[in-house]
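**Student:**
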Amino acid sequence: MCVTPSTRKDVVKKALFGEVLNKQLKENYAGLQTQKEKHIFGKVISGELVEKYKLWRSQESVVSYKRLQKIKNLSLLPTTRTRLPLIASEHMKIVQNFYENDDNSRIGAGKRECVTKNRVKKHKRYLLDTLTNLYQKFKSNHSGLISYQTFCRLRPFWVVTPKINERDTCLCIRHANIDMKLSALYCRKILRYDNHNKLLEKTCCNRYDEQCLSRECQHCFNKNPDYQEFDDSKPIVYKKWIAEKQDYKDPKLNKVRSITKYVKKKITVSPRELIQELHDELDAYYNHERNIFHQYTAIKELKENLNDNEVVILMDFSENYCTKYSEEIQAYHFGGSKLQLSLHTVVVYTKNALKSYCTVSQNTTHSPAAIWEHLKPIFRTLPSHITGIHFVSDGPVTQYRNKTMFHILASRLHVEVPNVEKFSWNFSESGHGKSAADGIGATCKRSADAVVAAGGDIDSLESFIDSVRQRCPSITLFTVDDDAIKKMAIDILKDAKKLKSFYGTLKIHQIKGKISRSPLGLPQGTAKLIMKSLSCPCEEECQHFNLGVMNYEVAKLHVEDFYTDSDSEDEIPLAQIPRNNDCITQTVLLRPIENTKTDLENTAEPSTSGLQQTYYNSGDYVLVKFTVGNREYRYAAVVNKVDDEDGELTVTFLKICDNKGYTFRIDENDMFDVGFDQILEKLPVPNVTVKGSRLFYSFRKSVHVFEK
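Under full-length UniProt numbering, the letters of the sequence shown match residues 1 to 708, in that order.
#1: Hey, S326 and D457: beta-carbon distance below 8 Å or not?
#2: Have a look at F293 and D102 and give me their C-alpha separation to the nearest angstrom.
#3: So, helix, strand or coil for E571, using DSSP?
#4: Which ranges would you report for the beta strand (DSSP E) in the segment 96 to 124 if only whole runs of at least 3 residues count?
#5: Over the uninterrupted alpha helix (DSSP H) stretch that includes W425, give me the two end residues.
#6: Which value, in whole angstroms, describes the spacing of the CA atoms of A636 and D667?
#7: For T476, collect the residues of the same chain with a Cβ closer than 8 Å to its Cβ; drop the 5 residues on either side in sequence, then sort them by chain order.
#8: Candidates Y616, Y633, S618: which alpha carbon is nearest V624's?
#9: Distance, Cα to Cα, K701 vs V638?
#10: Beta strand (DSSP E) containing G513: first to last residue?
#11: D250 and D316: beta carbons closer than 8 Å?
#12: Mind reading off the beta-carbon distance from T360 to L343? Whole number of angstroms is fine, and I expect it under 8 Å.
#13: Looking only at DSSP bridge pairs, what is R401 linked to?
#14: Rounding to the nearest angstrom, what Cα-Cα distance links T161 and H123 in this structure?
#15: Would you list the one or two residues that DSSP bridges to I236?
#16: D179 to K198, Cα distance in whole Å?
#17: Within the chosen definition, does the segment 428 to 436 reach the segment 404 to 415 through at least 3 CB pairs nearer than 8 Å?
#18: For the alpha helix (DSSP H) that I40 lies in, which residues bound it at each end?
#19: As a quick exercise: from G455, K486, L461, R446, pick the residue whose alpha carbon is nearest that of R471.
#20: So L131 and C152 are supposed to be a Cβ contact under 8 Å. How far apart are they, rounded?
#21: Looking only at its own chain, which residues have a Cβ that is under 6 Å from the Cβ of V480, when we skip the five neighbours before and after it?
#22: What are the start and end residues of the beta strand (DSSP E) that includes E637?
#23: Alpha carbons only, please: which of V347, T404, I242, T260 is nearest the one belonging to I378?
#24: Under 8 Å between the Cβ atoms of S535 and L547?
#25: How should G335 be labelled, buried or exposed, when 16 other C-beta atoms within 10 angstroms of its C-beta is the threshold for buried?
#26: Which residue's Cα is closest to the Cα of A353: S474, N659, V685, D644?
#27: Looking only at DSSP bridge pairs, what is Y321 linked to?
#28: By DSSP, does Q246 sit in helix, in strand, or in coil?
#29: Pull the bridge partners of V651 from the DSSP assignment, please.
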């Protein structure tokens, strides 16, 4: 009750304030859009006073009992999330390298197999096992480094799980047949696993240990698959890839021809017969797995341990590319008018870098002659100091692994790379030859297709080269002439009688050889090729994995074979080269001698008398001449032995190391007997310095040598 007009006025004001505030709150609540806004609104108008006076009982009140109960325990304050510790960059690199390892994932060979994320485009790699199994393998080498969740999270975005529409059409036949047998036994509950990976885990202590895979481990050499009880009366059906001969009639020749085709057949046998067949194949399968692991590891170590003078050349043929237009008529698209281009892709690894190459030709043959012509442009890009070459490829007998390729390697490598001293050719295991070279071919074809998709035309070899060069500047492209391949094939046919077969060619996984040189330092070719069943890292000749040796007859080289008497007579004679000439280094063109006598002040006048033995002693340094026709060559050498009766000196030649004739190094394998009349002068004793494992000889005055 209002007693006085003044108190009545205050009550009216408070009542008006309450009504206005209530209506305004209702209007504001009606305009809210999200639940979060409504929760905040309810939290603001609720509290202990509202509960105390129970304002929610009023029907006109904006505060309802339901709303109060809903937001009673609701927290509107933002919660602070604790940031997990960052993963070290070196740990991330370890995981990425593990995923990209060739024995954990394979690179896609198709031109469309790429993925882009955050404007970074990568070629796809497909996992070879489940993430669970890969993590177990990762833990065996990096125990406790990261958790399984982190291992999955750090997987590179381009390493993906294979899908059915991205199936591999280059499966290994041995793995495929083993898997189909295991799957059939698994479906009949005779085995508890259905693939070759689990078979290795059950029968080997460590599936990545060569001793276990070779069945030489004392703990698991007698482990066999754990077969369950089965009813042998019920037949079992399984599939198998087999090669069978089929006859067909050639409509052009009107003759019946026999060809070999691979087909997947269903075979019905008893469980015991299938188990016996599986058991008979296990030894060959374990050896196959051992070869895969050993070759992957050996090639990886080879690339990681290169020195400054070595190079690895990894190569493979890519699928032929068909020319195409942005718009095509039906007759062209479905007809035989398309031009095919052969792509041979190469990755060259040096100690601190790698380069990508692709050679393109209209000749689509993959013969040894074609391979060598495709490699010639690559040889020309090698630095001049390279003395060791390691080739890496897969091993098809029609391409890289055959007697023709062996002969080419032994007789022609030194012609293309004159400074090479040793080489090896390493083959991957059959069915497991995917490498970085496949990615280069896919990139080139994908880039050419992008030009066609944008409205351009790829109708010739030249247009293909131009389009790829513009879009892929990091890939160096060369063209290989069709006539050059045909000429090379004819040259090989002329040497057909020199080709030698090797029994057990399919077992070869490495070929090693050294280039023989004449006393003049000229390369003569390879006298023998050492065949090995697996790649061996030994620098010197060893007996590891030896299969045998192929001996080749090394042709003796004569200067007349390279330089004829028709050379220009107006070139500078050797005897007239001034003493202060700074260009007394390895020479490409050999100059004729006009005068047989030299103007050297200290020229010796040798004879075969006994005085020569007292003049020359072991350890003396001399300048030796070799006269061929009207040409004279000079080499520095050290005397090993003096034979006065025959009038000869046994010397070891020194090889020049600079362009002024001051520094030399000894070539221990380059020894020769020379006559006293071949000694031009006796040289002063040089200073000997050691650099690494080599000895270098430094003369105070320039030695006027004239080497090839």
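Glycine included, every Cβ here is placed at the ideal spot set by N, Cα and C.
**Tutor:** This is what the structure holds:
#1: As a first step, residue 326 is located in the sequence shown; it is residue number 326 there, counting from the start. As a first step, residue 457 is located in the sequence shown; it is residue number 457 there, counting from the start. Contact: yes.
#2: Looking up residue 293 in the sequence shown gives position 293. Looking up residue 102 in the sequence shown gives position 102. Taken atom to atom, the span from the alpha-carbon of F293 to that of D102 is near 10 Å.
#3: On the sequence shown, residue 571 is found 571 positions in, with the first residue counted as 1. Confidence at E571 is low in this model, with a pLDDT of 41, below 50, so its placement is unreliable and no value can be given for it.
#4: Here the runs fully enclosed are 105 to 107, 114 to 117, 120 to 123.
#5: Here residue 425 refers to the residue found at position 425 when the sequence shown is read from its first residue. No alpha helix (DSSP H) contains W425, which is instead part of the beta strand (DSSP E) from 422 to 427.
#6: The count along the sequence shown starts at 1 and reaches residue 636 at position 636. The count along the sequence shown starts at 1 and reaches residue 667 at position 667. Cα to Cα, the separation comes out at about 11 Å.
#7: Sequence index remark: in the sequence shown, residue 476 carries index 476 (1-based). Apart from the 5 residues on each side of it in sequence, T476 sits with its Cβ closer than 8 Å to the Cβ of K355, S356, Y357, C358, T381 in its chain, given in chain order.
#8: On the sequence shown, position 624 is the one that residue 624 refers to. With distances taken between Cα atoms, V624 lies closest to Y633.
#9: In the sequence shown, counting from the first residue as 1, residue 701 sits at position 701. In the sequence shown, counting from the first residue as 1, residue 638 sits at position 638. The alpha-carbon separation between K701 and V638 amounts to approximately 17 Å.
#10: Position 513 of the sequence shown, counted from the start, is the residue given in the question as residue 513. Counted as a single uninterrupted DSSP element, the beta strand (DSSP E) harbouring G513 occupies residues 510 to 517.
#11: The residue you call residue 250 lines up with position 250 of the sequence shown. The residue you call residue 316 lines up with position 316 of the sequence shown. Taking the C-beta atoms as reference points, D316 is found no nearer than 8 Å to D250.
#12: Residue numbering aside, residue 360 sits at position 360 when the sequence shown is read from its first letter. Residue numbering aside, residue 343 sits at position 343 when the sequence shown is read from its first letter. Checking the sequence shown, residue 360 turns out to be Val, not Thr. Yes, V360 and L343 are in contact; Cβ-Cβ is about 6 Å, under 8 Å.
#13: Within the sequence shown, numbered from 1, the residue matching residue 401 stands at position 401. Per DSSP, none; premise fails for R401.
#14: Counted from its first residue, the sequence shown places residue 161 at position 161. Counted from its first residue, the sequence shown places residue 123 at position 123. If you take the alpha carbons of T161 and H123, they lie about 14 Å apart.
#15: Translated into the one-based positions of the sequence shown, residue 236 becomes position 236. Per DSSP, V269.
#16: As a working mapping, residue 179 is identified with position 179 in the sequence shown. As a working mapping, residue 198 is identified with position 198 in the sequence shown. Straight through space, the alpha carbons of K198 and D179 are spaced by roughly 10 Å.
#17: Contact check between the segment 428 to 436 and the segment 404 to 415: fewer than three CB pairs, one atom from each, fall below 8 Å, which does not count as touching.
#18: Position 40 of the sequence shown holds residue 40. Where I40 is concerned, the enclosing alpha helix (DSSP H) stretches over 35 to 45.
#19: In the sequence shown, counting from the first residue as 1, residue 471 sits at position 471. Relative to R471, the option among G455, K486, L461, R446 whose CA is nearest is R446.
#20: If you number the sequence shown from 1, residue 131 lands on position 131. If you number the sequence shown from 1, residue 152 lands on position 152. Right, the Cβ-Cβ distance comes to about 6 Å (below 8 Å), so this counts as a contact.
#21: To locate residue 480, count along the sequence shown from 1; it is residue 480. Closer than 6 Å at the Cβ level, and outside the excluded window around V480, lie T359, S361, E373, H374.
#22: Indexing the sequence shown from 1 puts residue 637 at position 637. First, the residue type needs correcting, since residue 637 is Ala and not Glu in the sequence shown. For A637, the enclosing beta strand (DSSP E) starts and ends at 631 to 643.
#23: Working through the sequence shown from its first residue, we reach residue 378 at position 378. Comparing Cα positions, the closest option is V347.
#24: On the sequence shown, residue 535 is found 535 positions in, with the first residue counted as 1. On the sequence shown, residue 547 is found 547 positions in, with the first residue counted as 1. No, the Cβ-Cβ distance between S535 and L547 is not below 8 Å.
#25: The residue you call residue 335 lines up with position 335 of the sequence shown. Classification for G335: exposed.
#26: Within the sequence shown, the letter at position 353 stands for residue 353. Ranking S474, N659, V685, D644 by Cα distance to A353 puts S474 first.
#27: Here residue 321 corresponds to residue number 321 of the sequence shown, with the count starting at 1. For Y321, the beta-bridge partners assigned by DSSP are L341.
#28: In the sequence shown, counting from the first residue as 1, residue 246 sits at position 246. Strand, per DSSP.
#29: Here residue 651 corresponds to residue number 651 of the sequence shown, with the count starting at 1. V639, F672.
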